[in-house]
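Participant: In the working numbering, the protein residues as written are 2 to 481.
1) Here's the rule: buried if 16 or more other CB atoms are within 10 angstroms of the residue's CB, otherwise exposed. What is residue 131?
2) For the structure I just gave you, are there three or more beta carbon pairs, one from the stretch 18-28 and one from the stretch 190-197, closer than 8 Å?
3) Assuming the contact rule is C-beta atoms closer than 8 Å, residue 37 and residue 82 should be a hit. Round their C-beta distance to whole Å, please.
4) DSSP on residue 74, reduced to helix/strand/coil?
5) Work out the CA separation of residue 61 and residue 32 for me, nearest whole Å.
6) Excluding the 5 residues preceding and the 5 following residue 316 in the sequence, name in chain order all residues of the same chain whose CB lies nearer than 6 Å to its CB.
7) Return the residue from the list 420, 84 and 74 that minimises the CA-CA distance to residue 90.
8) Let me know the secondary structure DSSP gives residue 17 once reduced to three states.
9) Check this for me: beta carbons of residue 47 and residue 153, under 8 Å apart or not?
10) Does residue 368 pass the burial test, meaning 16 or more other C-beta atoms within 10 Å, or should it be called exposed?
11) Should residue 484 go down as buried or exposed, given a rule of 16 or more other Cβ atoms within 10 Å for buried?
12) Residue 6 by DSSP, collapsed to three states: which one?
13) Alpha carbon to alpha carbon, what distance is there between residue 350 and residue 164?
14) Taking Cβ positions, are residue 194 and residue 176 nearer each other than 8 Å?
15) Please classify residue 436 as buried or exposed, where buried requires at least 16 neighbouring CB atoms within 10 angstroms.
16) Relative to the alpha-carbon of residue 86, which residue among 95, 76 and 94 has its alpha-carbon at the smallest distance?
17) Give every residue of the same chain whose Cβ lies closer than 7 Å to the Cβ of residue 16, excluding the five residues on either side of it in the sequence, and list them in chain order.
18) Give the range of the beta strand (DSSP E) segment to which residue 147 is assigned.
19) With DSSP collapsed to three states, give me the class of residue 64.
20) Could you tell me which residues DSSP pairs with residue 193 in its beta bridges?
21) Alpha carbons only, please: which of 226, 283 and 166 is nearest the one belonging to residue 301?
22) Would you check if the stretch 140-148 and the stretch 276-287 touch, i.e. whether three or more CB-CB distances between them fall below 8 Å?
23) Taking the alpha helix (DSSP H) that residue 359 falls in, what are its first and last residues?
24) If you run the structure through DSSP and keep just helix, strand and coil, what is residue 53?
25) Using the three-state DSSP reduction, which class does residue 286 fall into: helix, strand or coil?
26) According to DSSP, is residue 397 helix, strand or coil?
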């Protein structure tokens, strides 16, 4: 975050830039504390030439047994241990930003991570240090972050060199890009090669031992970046002014001049403004190479690099399959739009008629339907699944009228079938309704005849009948 994560904190928290001495003290103290919680605690190698620092970046991985309980919030535990005044963490972000006390003159106990500095310097009593703790999910991720974050802007510099050869390094791994795909979708164009730092440095021709040591000067780092076997500087054009040799990145190498500057990608233009070391590479080192005639030869092409990648990393099958599938998908869109639709005249009929013709022609050419009892030549694909677009266009031009008639006839037949099915459904519904009505009437008639008797018999008729029966029985049993 460059020390600005807490710039909007309420109340304000001052995190001024640190001198080298303050930075070193803060780094040692906070790393020592974090080692009580994680078995892997390191910081990436800093870039050369830095005299002040905005924050302290620390990578951690592999929590120690018992360091956190299942109920613990990691951020809260570390906040307490670091004696931090505040913390910030966005949901899903593996980095937690802390503000810890500014190291004082007396840093006794810092080596063991105890008595984390409470400043004894009254001038810095209200100053704090921003400490960004990046929690890695695994040891492998930890090692990769150390590699990829090393030397500050060095990967930005190397990235501009290898980009024109179809190679990319990001915060995950090393990739080769498929040219046909990257024009439309850069992410889908990338084929994974490796995430092994040693393999990457070896392939790029960079010295591994030097990589893992801090460069003493900016110039030393630039000279190291220039040892990449793909680095070369394009000569200054004859019509360029002597003082206009600003180094920029071009398709044909590191190019000089104002014209080349226009070819910078958006991210590179932003780096020119925000990253002093990258700006020095572009504005100072490349022009110097022009003047001295250094690195003016390129001995390798993008195609040669691709072939080396196939041999070294074994990705030829994946590369070719993905390129084929992408090209085929684009080709099928072309067949449909440019081969079929575009060759049915707009004045050949209304939208419904043109749609009917399109459907028939698509079925014949792209879906294997017979046309007049045979498969036309235009529908035959080559061994890779591609059509002859010229034959497709010719077939459509010659047959769209007939296809329109066939399509309209199919639509009419389908409409008749739909109407017939609708009429049959309606007739069934009417029959079912009539039957139900008659059944209800029959049921209601029976109910009207029986239900009064069922209701009245026990309440009215039964008592009267019983009384009559008793009287009759009494007359019979007791004659006068």
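The C-beta atom is built at its ideal place from N, Cα and C for all residues, glycine as well.
Facilitator: The relevant details are as follows:
1) buried
2) no
3) 7 Å
4) coil
5) 9 Å
6) 192
7) 74
8) coil
9) yes
10) exposed
11) Absent from the model: residue 484. The displayed extent of the chain is 2 to 481, so no value can be given.
12) coil
13) 51 Å
14) yes
15) exposed
16) 76
17) 4, 7, 100, 129, 130 and 131
18) Counting along the chain, residue 147 falls outside any beta strand (DSSP E), though it belongs to the alpha helix (DSSP H) covering 140-149.
19) strand
20) 176
21) 166
22) no
23) 352-367
24) strand
25) helix
26) helix
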